[in-house]
Amino acid sequence: MFGGFDIVNESPRLDKIEMGGSSYGSEITIVYGTARLPANLVFGGAVETTKHTDKQSMGKGGGGGTVKTVTYSYACTLAYLICAGTSGGVHVRKAWGSGQLIYDASGDSLTGHNVDRIQIYGGTEFQGIDPSMEAEQPGATPAYRGRALMVCNLYDLTEKFSNRPPSMQVEVCERATVTGTRIDPYAVSISEIVLDVCDRAGIPSTSVDVSGMMQTVHGWWFAGNFRAAIERIGEAFGVRMRDDAGTLVFYETDALEVEVDIPAEHLGAEDGYREPGELIPVEYADEQDLPGKVTITYRDIDRDGLSCSQTVMRLTVGSTQEDAEEYPAMMDATAARRIADKRLYRRWVEAAKYGPVKLGPQYLYLRPGHVVRITDDEGTVHAVRLTRVTIGADWRLEVEGVAHEASIATSYVDGVGTDYTPITIASPGTTYARLLNLPPLADADASAAGFYLAAAGASPAWRQAVIFGSPDGGLNWSQLAVLSAYTDMGWCNTTLADPPASIGAANFDLVSVLEVNMLRGQLVSVSDEQLFAGANLALIGAELVQFGLAELIAPATYRLSRLLRGRRASEAAMTGHGVGEDFTLLTSLAFVPLPLALLGSERAYKVVPIGGAIEDEGTIAFTATGRTLKPWAPINIRGARDSSGNLAITWQRRSRVGAEMSNEAGDIALDEPVESYRIEVLDGATVVRTITVTAPAATYADSQQTADFGGLQSAVTVRLAQLSSVVGAGYTTTTTI
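Under this note's numbering, residues 1191 to 1927 are what the sequence shown spells out, in order.
This is the structure in structure tokens:
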């Protein structure tokens, strides 16, 4: 009749948490379109430690003692600097903490790990100071205006990050369509990027011509030198620049068309005379110096911004050289491979270098970037893109250039790669929460005010939950407890019958059968020994019942029999059951402690699954009654009269502690600091006398009976309760003796 032994496991408690990962002095990245970037940890607040106590029954079905596990979780406020902001603010679409997706605004609803604790600041010039950072550094916290910031307020470090601040990577969108919480980025033109870089370098837009640039890209970013940024864009997209009468003209070399025809008779003109031959000097690069393969590394827009590579090869050459470039670009696989294809083609076409070619002053208008068509003495036509124009003192020109083919601008290759399944955050789905006023299920709970939390979700992504309470009707919320695992729970498909008249509490009901449908969890059969050790204790309606046999009769549906009824002083609820009642297996619950002053008052609660957001969960109105503190009703009330008619009343008390789920009366531990009882003598529904004693015995004297009823009574109805020093009278037993 006694439970098995208890085991207590307590994990080590950390004294400090290392705040690594910050990179002081890092250059601020400027983003165009979409980018996946590492975020720099710039703030780490004080660490908050939370103690968690979980009690699980051992053995099949929960019998055989308990294992009490004490663990600690840690949280702190972290701030990550992402990139330069914009006037309208940038958007964070996704974030990965130590490689795990923790924030996702790409769908119709915002999902992630504790997303309600993540605040994004877009980096506007009017950006305010984050209140959670300010609370830890009053008067010394910058607003980081002009800088995009991600603040994780009291962010959990234990569940996913091994008690360390996560290294953060962020998919940030400088431009996007925002619908609710959904962020859909769109591409940016290369011309816009060039104009902005020039503006940052102090070159006004009136001095820049980008009309010859038509390409777009999903994203581009740079940090530091403006000239280097322009050069990198030029390498990737075939963009060149020239100075034309004080205006910087940017153009895409691959898209240039022939602008000037130069006949053979205009070549080499000098003093009206020229020698034939060698008028168009051409130098060809050695094939071994040219690439046989070009590889482009980039960030793939279709693969969560992961670093990917695309390669093209020239199969008919003997070169083994490889040209490899990594670009700060967000693009798809096809766009990247076409850039590689154009780059390879361009390198081989431009292997032919022309010049210097002498021209007369009628060509003074030529500038680098012009494409000319030169006809030599043999009638061969050469398309040349000028790279250098030198004007002599006599206004004659010497021009140099490279071979040009307009077909470079067009590539038809497609991207290659394996299928990719984007990482998503599985939604925990609907939370089914039950806030329960129960007798104490562990001895430690018998002296604590509070209630129990049971919760689960049908989705496999539903793992744990946090319960929040509000002192002001839902304006502010504070965490109260953590449910470390889902509760096995469901609903009754049939009605649990009243027990046979011959069966009382703590006795087997071998007649009644109940069918339950489980939302989550499995039920198992256990032996009688395991039952008496506490296994398979469930709450059905308001009655605590143990079941010995559990038969799976359909998917997630069980037939329960061999029942122990009215457990843990719940005999008053053994009758009046109905179809659809809640079924809750009491092996995975969280105890929610409360101040004594809150007992009896309705409060607002929310149960939020890990990975959910507090604003997505409904408010539960619940009143904690302090049932864990209430003494159980006395049992075995008896009366004996002496020859004078004095009525001696005796009973047996029950204890909330030390009984290990047993309803057996006997020499058990006292669960109150002082033993005290109240006996009420009833006349119908009216209390005619109250007797208070400090032992499980009392006398209702003949004189008292005469005073109360006008004479001695052959039968007296009494109502007994044990008294608590905290909550007063406990549960009552009424009987006639």
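The C-beta atom is built at its ideal place from N, Cα and C for all residues, glycine as well. These figures come from a predicted structure and were not determined experimentally.
Smallest Cα separation from residue i: which of the options?
i	options	result
Ser-1499	Leu-1505, Leu-1625, Arg-1489, Thr-1506	Arg-1489
Val-1384	Val-1362, Cys-1363, Trp-1410	Trp-1410
Gly-1402	Val-1429, Cys-1388, Gly-1329	Val-1429
Val-1232	Glu-1771, Asp-1772, Ile-1927, Ala-1338	Ala-1338
Arg-1578	Arg-1563, Ser-1597, Thr-1600, Gly-1545	Gly-1545
Asp-1492	Ala-1525, Asp-1476, Leu-1505, Ile-1869	Ala-1525
Ala-1445	Ile-1423, Asp-1476, Gln-1405	Gln-1405
Ile-1827	Arg-1843, Gly-1920, Leu-1819, Ser-1379	Arg-1843
Ser-1152	Arg-1365, Leu-1665, Ser-1915, Ala-1542	Nothing in the structure corresponds to residue 1152, since the chain is present only between 1191 and 1927.
Val-1400	Gly-1370, Thr-1443, His-1408	Thr-1443
Leu-1626	Gly-1768, Ser-1833, Ala-1887, Thr-1818	Thr-1818
His-1767	Gly-1802, Asp-1688, Thr-1815, Ala-1814	Asp-1688
Val-1439	Leu-1457, Val-1450, Gly-1424	Gly-1424
Ala-1744	Asn-1707, Thr-1367, Ser-1760	Asn-1707
Tell me where the alpha helix (DSSP H) around residue i begins and ends.
i	result
Val-1384	1380-1390
Ile-1420	1416-1427
Glu-1719	1718-1722
Gln-1897	The sequence shown places Ala at residue 1897, rather than the Gln named in the question. Segment 1892-1899, the alpha helix (DSSP H) holding Ala-1897.
Just reading off the beta strand (DSSP E) that residue i is part of, what are its end residues?
i	result
Tyr-1535	No beta strand (DSSP E) holds Tyr-1535; the alpha helix (DSSP H) holding it covers 1523-1539.
Leu-1872	1867-1873
Pro-1481	1481-1490
Leu-1496	1496-1503
Lys-1284	1281-1287
Ile-1373	1372-1375
Ile-1825	1825-1831
Pro-1228	1220-1234
Gln-1359	1358-1363
Should residue i go down as buried or exposed, given a rule of 16 or more other Cβ atoms within 10 Å for buried?
i	result
Pro-1618	buried
Gln-1327	exposed
Ala-1691	exposed
Trp-1585	exposed
Glu-1568	exposed
Phe-1316	exposed
Ala-1325	exposed
Gly-1928	Residue 1928 is absent from the structure shown; the chain starts at 1191 and stops at 1927.
Asp-1320	buried
Ser-1702	buried
Pro-1650	exposed
Asn-1343	buried
Thr-1884	exposed
Ser-1597	exposed
Asn-1726	buried
Lys-1241	exposed
Ser-1791	exposed
Arg-1390	exposed
Gly-1462	Confidence is the limiting factor: at Gly-1462 the pLDDT is only 47, short of 50, which leaves the residue's position unreliable and the question unanswerable from this model.
Thr-1929	The requested residue 1929 does not occur in the structure, where the chain is confined to residues 1191 to 1927.
Under three-state DSSP, which class holds residue i?
i	result
Met-1403	coil
Thr-1396	helix
Met-1323	helix
Gln-1317	coil
Pro-1551	helix
Ile-1308	strand
Ser-1914	strand
Leu-1779	coil
Gln-1903	coil
Ser-1299	coil
Thr-1880	strand
Arg-1757	helix
Gln-1736	strand
Glu-1477	helix
Leu-1625	strand
Could you pull out every residue in the same chain whose Cβ sits closer than 7 Å to the Cβ of residue i, ignoring the five residues on either side in sequence?
i	result
Gly-1234	Met-1209, Cys-1266, Leu-1268, Pro-1355
Pro-1612	Asp-1494
Leu-1700	Arg-1752
Quick one: residues in its chain with C-beta nearer than 8 Å to the C-beta of residue i, no 5 flanking neighbours on either side, listed in chain order?
i	result
Val-1878	Val-1871, Leu-1872, Asp-1898, Phe-1899
Pro-1783	Ala-1638, Ala-1639, Gly-1640, Leu-1670, Ala-1671
Leu-1556	Val-1450, Leu-1549, Val-1562, Leu-1576, Val-1579, Leu-1587, Val-1589
Ala-1855	Confidence is the limiting factor: at Ala-1855 the pLDDT is only 46, short of 50, which leaves the residue's position unreliable, though a coordinate-based value still follows. These residues qualify, in order along the chain: Ile-1825, Asn-1826, Gln-1842, Arg-1843, Arg-1844.
Asn-1353	Leu-1204, Ile-1207, Tyr-1264, Leu-1347
Counting only the same chain and skipping the five closest in sequence on each side, list residues whose C-beta sits under 6 Å from that of residue i.
i	result
Pro-1821	Gln-1912, Ser-1914, Gly-1920
Ala-1413	Glu-1217, Thr-1219
Glu-1865	Thr-1884
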